[in-house]
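*Asks:* Keeping their order, the protein sequence lines are chains A and B. Residues 13 to 298, numbered by this note's numbering, are exactly what the first sequence covers, in order. Residues 0 to 261, numbered by this note's numbering, are exactly what the second sequence covers, in order. Just so it is clear, CB atoms sit at the ideal spot from N, CA and C, and this is done for glycine as well. The structure displayed is predicted, hence computed values, not measured ones. Once you've had a glance at the structure underneath, I'll fire off some questions.
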Amino acid sequence: MAKFLSLADAVAEVVRDGDKTAFEGFTHLIPFAAGHETMRQGRKDLTLVRMTPDLIYDQLIGVGAAKKMVFSWGGNPGVGSLHRFRDACEKGWPCPLEIEEHSHAAMANAYEAGAAGLPFAVFRGYRGAELARVNPNIKSVTCPYTGEVLATVPAMRLDSAVIHAQKADRAGNVLLEGIVGVQKEAVLAAKRSLVTVEEIVDDLGPRSYNACVLPHWTVTAIAAVPGGAHPSYAQGHYKRDNAHYEAWDEIARDRDSFKAWIAENVMGKGPEAFASFARKPAGRSQ
Amino acid sequence: MSTAAKLAWTPTEMMTIVASRALRNSDVCFVGIGAPSAACNLARLTHAPGITLIYESGTIATKPNVLPLSIGDGELCETALTTVPVPEMFRYWLQGGRISVGFLGGAQIDRFANLNTTVVGAYDKPRVRLPGGGGAPEIATSCGEVFIIMAQGKRAFVDKLDFVTSLGHGDGPGSRERLGVKTKGPTRVITDLCVMEPDPATKELTVVAIHQGATREQIADGTGWPIKFASSVADTPPPTTEELAVLRDLQARTKAALEGKG
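Right, here's the structure in full:
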């Protein structure tokens with residue numbers, strides 16, 4: 013049964029020092045407000061898992077909250093590098109960052125195996141790809157029926173998963189719409205989960221019979237944080253702030269400008285700052 | 000570039016237009032972000048209105064009005080036939096063999112069209128840490144064939160990759176087959192100077208067409224191995240008025256949207 017908490021209490025309960033944790037979102041619904049709260053609470057030694065680590069992981073890495081990252085594509089999409097991630101990899105600043113690197117197919121399959129309670133994922137992948145040489149978790153199995161050699165990776169098992177969604181009802185059922193990535197799988201593969209939502213409603217309202225819903229008994233904590241996915245977006249609420257993603261390149265390139273940005277925008281603010289980015293639902297999500 | 004400056008289009012526009020022409024109306028295409036995305040949408044807006052564009056975020060048969068900055072902009076979801084979860088995208092659609100063309104870019108390419116988007120320098124001590132493979136390792140082996148679009152230069156077209164992120168033709172004929180890969184792999188590389196295709200016998204990238212304004216010397220200078228030219232090298236047909244107009248409109252709409260005027 014999901015508990016409704018303030019963002020500060022929810023992060024304190026769900027995300028703990030040393031966790032293997034995923035703040036998931038495939039471009040859409042990225043839980044930025046929860047990431048900022050995690051920084052404010054000074055979490056450390058995190059193993060950050062995500063298919064597409066973007067600005068929020070650049071920030072967590074830059075403040076020294078992470079000891080390791082498990083990922084498949086670490087960039088600022090359409091813009092370029094994640095400079096804090098690069099600085100940690102190339103120069104060990106502010107601390108060395110261990111990496112475990114996969115392909116998207118491997119990560120997606122690993123999450124699915126984690127949600128399914130299987131020990132590993134099997135797929136046709138990594139053929140001729142050098143990641144198999146540098147990542148000892150990439151192994152293979154021979155199909156007992158056809159003899160085909162297939163790639164395997166361990167199932168994703170998380171201490172905690174953090175996602176953002178459009179809404180939850182008062183019982184704690186959560187609705188995600190649009191690009192849903194691997195968020196459902198991440199929550200189901202985690203011991204504890206936190207969902208931040210744009211709004212809490214009496215009823216989830218009209219939706220497809222096949223809508224992506226996480227029942228209340230699969231979620232640990234819910235916090236209402238309108239605008240909490242900015243600068244990513246919440247379909248039906250607000251658009252991706254592409255100009256911010258472009259501006260981040262300059263902010264993160266330099267250690268001092270990064271630190272100043274964190275001091276002003278993370279340490280000096282609270283989750284209510286995200287409300288200015290929130291928009292009431294428009295169009296078909298209403 | 001003095002020759003190119005006299006043309007009514009830029010080398011990048013030429014590259015995008017030539018890349019768009021490689022796509023067929025019947026293709027189901029897995030689109031990489033950046034230059035591939037521009038080329039694929041140009042094809043959809045010109046000669047291939049029936050093409051199915053798929054982005055790895057799960058959007059199938061998407062028809063964006065502006066070019067997305069990322070592979071998961073809301074524009075892609077709103078204009079798609081359907082949006083599926085990411086594990087389904089990689090399992091049923093890509094691994095399931097339902098995609099005819101994968102369109103990739105990269106930081107480095109070698110003579111057998113293997114690609115690197117992982118690191119420059121040693122993997123454990125990189126000089127430049129690049130974003131990584133993302134979908135590319137499986138796109139390269141699961142799509143029916145692969146087109147690659149990359150601006151030419153010695154830092155990109157290298158004699159030896161620092162890291163093999165995704166498989167092209169390995170170390171030559173038979174490489175893909177030995178790894179159990181049944182798809183064709185890279186069949187065409189489109190640059191801002193020319194079009195290359197793997198030689199049928201050696202699998203080595205060979206220049207088959209040169210864009211107007213580009214020279215053999217420029218191509219050789221922009222390639223980190225002794226580049227070969229096919230016995231018959233075509234002149235790339237120049238951009239048509241329609242191709243240029245549609246591409247520039249698309250980019251103007253995209254720019255306006257980014258600046259909040261869309």
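Find the nearest neighbour of A251 of chain B within the set B:P185, B:A37, B:G223 and B:G143, judged by alpha-carbon distance.
*Replies:* As a first step, residue 251 of chain B is located in the second sequence; it is residue number 252 there, counting from the start. For the residues B:P185, B:A37, B:G223 and B:G143, the minimum Cα distance to A251 of chain B belongs to B:A37.
*Asks:* Just checking: is the beta-carbon of C224 of chain A within a distance shorter than 9 Å of some beta-carbon in chain B?
*Replies:* In the first sequence, counting from the first residue as 1, residue 224 of chain A sits at position 212. Yes, C224 of chain A counts as interfacial toward chain B.
*Asks:* Reducing DSSP to helix, strand and coil, say where D21 of chain A ends up.
*Replies:* Start at 1 with the first residue of the first sequence, and residue 21 of chain A comes out as number 9. D21 of chain A falls in the helix class under three-state DSSP.
*Asks:* Once the 5 residues before and after P65 of chain A are set aside, which same chain residues still bring their CB inside 6 Å of it?
*Replies:* Walking along the first sequence from the start, residue 65 of chain A turns up at place 53. Excluding residues within five positions, the ones whose Cβ falls inside 6 Å are F83 and G86.
*Asks:* For F111 of chain B, does the three-state DSSP call read helix, strand or coil?
*Replies:* Stepping through the second sequence from its first residue, residue 111 of chain B is reached at position 112. Three-state result, F111 of chain B: coil.
*Asks:* Ends of the alpha helix (DSSP H) at T164 of chain B?
*Replies:* Mapped onto the second sequence, residue 164 of chain B falls at position 165. For T164 of chain B, there is no enclosing alpha helix (DSSP H), as DSSP marks it with neither H nor E.
*Asks:* State buried or exposed for T158 of chain A, treating a residue as buried only when at least 16 other CB atoms are found within 10 Å of its CB.
*Replies:* Along the first sequence, one-based indexing puts residue 158 of chain A at 146. Exposed is the call here.
*Asks:* Give, in chain order, every residue of the stretch 75 to 90 of chain B whose Cβ lies closer than 9 Å to some Cβ of chain A.
*Replies:* L75, C76, E77, T82, V83, P84, V85, P86, E87, M88, F89 and R90
*Asks:* Write down every uninterrupted run of the alpha helix (DSSP H) in the stretch 106 to 167 of chain A whose length is 4 residues or greater and which is fully enclosed by it, in chain order.
*Replies:* 116 to 128 and 143 to 146
*Asks:* For G223 of chain B, which residues from the same chain have a beta carbon less than 6 Å from its beta carbon, with the 5 sequence-adjacent residues on both sides left out?
*Replies:* Taking the second sequence and counting its residues from 1, the one referred to as residue 223 of chain B is at position 224. Excluding positions up to five away in sequence, the list reads K153, F156, V157 and D158.
*Asks:* Could you tell me the alpha carbon to alpha carbon distance between T58 of chain B and G71 of chain B, rounded to whole angstroms?
*Replies:* Residue 58 of chain B sits at position 59 when you count from the first residue of the second sequence. Residue 71 of chain B sits at position 72 when you count from the first residue of the second sequence. Going from the Cα of T58 of chain B to the Cα of G71 of chain B covers about 8 Å.
*Asks:* How many Å lie between V270 of chain A and G76 of chain A at the Cα?
*Replies:* Your numbering for residue 270 of chain A matches position 258 in the first sequence. Your numbering for residue 76 of chain A matches position 64 in the first sequence. In the sequence as presented, Val is not what sits at residue 270 of chain A; that position holds Phe. Using only the alpha carbons, I get a separation of about 12 Å.
*Asks:* Answer with buried or exposed for P197 of chain B, where buried requires no fewer than 16 other C-beta atoms within 10 angstroms of its C-beta.
*Replies:* Here residue 197 of chain B corresponds to residue number 198 of the second sequence, with the count starting at 1. Burial call: buried.
*Asks:* Given a limit of 7 Å on CB to CB distance, which residues of the stretch 237 to 259 of chain A reach chain B?
*Replies:* So the close ones are Y245, Q247, K251, R252, N254, A255 and Y257.
*Asks:* With a CB to CB cut of under 8 Å and the five nearest residues on each side skipped, what residues in its chain are close to E137 of chain B?
*Replies:* Here residue 137 of chain B refers to the residue found at position 138 when the second sequence is read from its first residue. Same-chain partners within the cutoff: F89, L93 and Q94.
*Asks:* Excluding the five sequence neighbours on either side, which residues of its own chain have a C-beta within less than 6 Å of the C-beta of S205 of chain A, listed in chain order?
*Replies:* Taking the first residue of the first sequence as position 1, residue 205 of chain A is located at position 193. The residues are A173, V199, V231 and T232.
*Asks:* What is the DSSP secondary structure of Q71 of chain A, reduced to helix, strand or coil?
*Replies:* Looking up residue 71 of chain A in the first sequence gives position 59. Three-state DSSP puts Q71 of chain A in a helix.
*Asks:* Is there a C-beta anywhere in chain A that falls below 9 Å from the one on V145 of chain B?
*Replies:* The residue you call residue 145 of chain B lines up with position 146 of the second sequence. By this cut-off, V145 of chain B is not an interface position.
*Asks:* Does the stretch 40 to 56 of chain B touch the stretch 8 to 26 of chain B, meaning 3 or more C-beta pairs lie closer than 8 Å?
*Replies:* yes
*Asks:* To which residues of the same chain is I98 of chain B closer than 6 Å at the C-beta, ignoring the five residues directly before and after it?
*Replies:* The residue labelled residue 98 of chain B in the question sits at position 99 within the second sequence. Excluding sequence neighbours, I98 of chain B sits near V27, F29 and C142.
*Asks:* Does any C-beta atom of chain A lie closer than 9 Å to the C-beta of I98 of chain B?
*Replies:* Residue 98 of chain B sits at position 99 when you count from the first residue of the second sequence. I98 of chain B does not count as touching chain A.
*Asks:* From B:T51, B:Y54 and B:N113, pick the residue whose C-alpha is nearest to that of K202 of chain B; which is it?
*Replies:* For the purposes of this step, residue 202 of chain B is taken as residue 203 along the second sequence, with counting starting at 1. Checked all of B:T51, B:Y54 and B:N113; the closest Cα to K202 of chain B is B:N113.
*Asks:* P218 of chain A to T39 of chain A, Cα distance in whole Å?
*Replies:* Indexing the first sequence from 1 puts residue 218 of chain A at position 206. Indexing the first sequence from 1 puts residue 39 of chain A at position 27. Approximately 25 Å between the Cα atoms of the pair.
*Asks:* Short check: CB of E142 of chain A to CB of T164 of chain B, under 9 Å?
*Replies:* In the first sequence, counting from the first residue as 1, residue 142 of chain A sits at position 130. In the second sequence, counting from the first residue as 1, residue 164 of chain B sits at position 165. A contact, by the Cβ cut-off of 9 Å.
*Asks:* Return no unless some Cβ of chain A is closer than 9 Å to the Cβ of E203 of chain B.
*Replies:* Translated into positions along the second sequence, residue 203 of chain B becomes position 204. No - not a single Cβ of chain A is within 9 Å of the one on E203 of chain B.
*Asks:* Can a CB atom of chain B be found closer than 9 Å to the CB of E1 of chain A?
*Replies:* Given a span of 13 to 298 for chain A in the structure shown, any question on residue 1 of chain A remains unanswerable.
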